[in-house]
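Q:
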DNA sequence: CGTGTAAGGAATTCTGACACG
DNA sequence: CGTGTAAGGAATTCTGACACG
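Protein chains in written order, with this note's numbering: chain A, -15 to 85; chain B, -15 to 85.
1. If we require 4 or more residues per run, which alpha helix (DSSP H) segments fall completely within the region -1 to 35 of chain A?
2. Going by Cα to Cα distance, which pick from A:40, A:65, A:-2 and A:13 is closest to residue 100 of chain B?
3. Just checking: is the beta-carbon of residue -1 of chain B within a distance shorter than 8 Å of some beta-carbon in chain A?
4. Report the option in A:20, A:2, A:68 and A:61 whose CA atom is closest to the CA atom of residue 26 of chain B.
5. What's the gap between the Cα of residue 79 of chain B and the Cα of residue 66 of chain B?
6. Whether or not the region 9 to 19 of chain B and the region 49 to 58 of chain A are in contact is what I'm after, with contact meaning three or more pairs of Cβ atoms, one per stretch, closer than 8 Å; do they touch?
7. Using a beta-carbon distance below 8 Å, is residue 4 of chain B in contact with chain A?
8. Give, in chain order, every unbroken run of the alpha helix (DSSP H) that is at least 4 residues long and sits entirely within the region 30 to 81 of chain A.
9. So residue 29 of chain A packs on residue 4 of chain A, CB below 8 Å; how close in whole Å?
10. Residues of chain A with CB under 7 Å from residue 13 of chain B, in chain order?
11. If you draw a straight line from the alpha carbon of residue 38 of chain A to that of residue 46 of chain B, how long is it in whole angstroms?
12. Please list, in chain order, all residues of the same chain as residue 6 of chain B whose beta carbon is under 7 Å from its beta carbon, the five residues on each side excluded.
13. Tell me whether residue 62 of chain B is buried or exposed, calling it buried when 16 or more other Cβ atoms sit within 10 Å of its Cβ.
14. Among residues of its own chain, excluding the 5 on either side of residue 22 of chain A, which ones have a beta-carbon nearer than 7 Å to its beta-carbon?
15. Can you pull out the residues from the region 17 to 31 of chain B whose beta carbon lies closer than 8 Å to at least one beta carbon of chain A?
16. With distance defined between alpha-carbon atoms, name the residue in B:71, B:20 and B:76 nearest to residue 54 of chain B.
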């Protein structure tokens, strides 16, 4: 009980800046582009998780490589789609065993 | 790389209040009694880790059971001492194998 | 001893805009 | 498109003290 620390939204933006080396401006901008989804406190303060921090670092690297926020978003969508395909393939395999070893 | 989320001091006191159900007053008081040791930001804001949160919950339970902060501190000291004793006992055993099975 | 509260100040965060490109 | 910055306000946190007991 009480696990899942990596997913828990507990950090304010200032700490995320320290952890990632990014500016507040950048972090808020990546949120606007739907690359991260922090929660909000009762007083409207953004709250981030460790996975958000990891994702921000990954996003920042991509951008530095020349990717646009849109490209990054699109690439992730495709990867997710591939994973869905693999999942279905696995289920079919389990059900019909075409590649049973 | 980048592990050790549980130990990282990243939460402000407000979030710790939410997570533990304790008041700011209580949390700061337990710190004064040396039961927790948050870090500070450049601007003097306290920063807590998930282990601090766990510890705070444990402390609050003890207090509710009637323990004093001093008793809690003392009990922990004794437990730590026991662990040291066990460690040494283990090392002696490894070196001289009195109980080798 | 452990905790609530009002007080005043300081640090933090928020939004929308101007700027460059 | 991605990011810096100054602006003004709102939310958050800090410390020391008075209070009760």
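We put the CB at the ideal spot given by N, CA and C, even for glycine.
A: To lay it out plainly:
1. 8 to 16
2. Only positions -15 to 85 of chain B appear in this structure, which leaves residue 100 of chain B out of reach.
3. Yes, residue -1 of chain B lies at the interface with chain A (some Cβ there is under 8 Å from its Cβ).
4. A:2
5. 20 Å
6. no
7. no
8. Listed in chain order, the complete alpha helix (DSSP H) runs (minimum 4 residues) inside the region 30 to 81 of chain A are 34 to 48 and 53 to 80.
9. The pair is not a contact, with the Cβ atoms about 18 Å apart (cut-off 8 Å).
10. What residue 13 of chain B touches in chain A: nothing, since even the nearest Cβ is about 22 Å away.
11. 36 Å
12. 40 and 44
13. Exposed is the call here.
14. -7, 15, 30, 31, 32 and 36
15. 25 and 31
16. B:20
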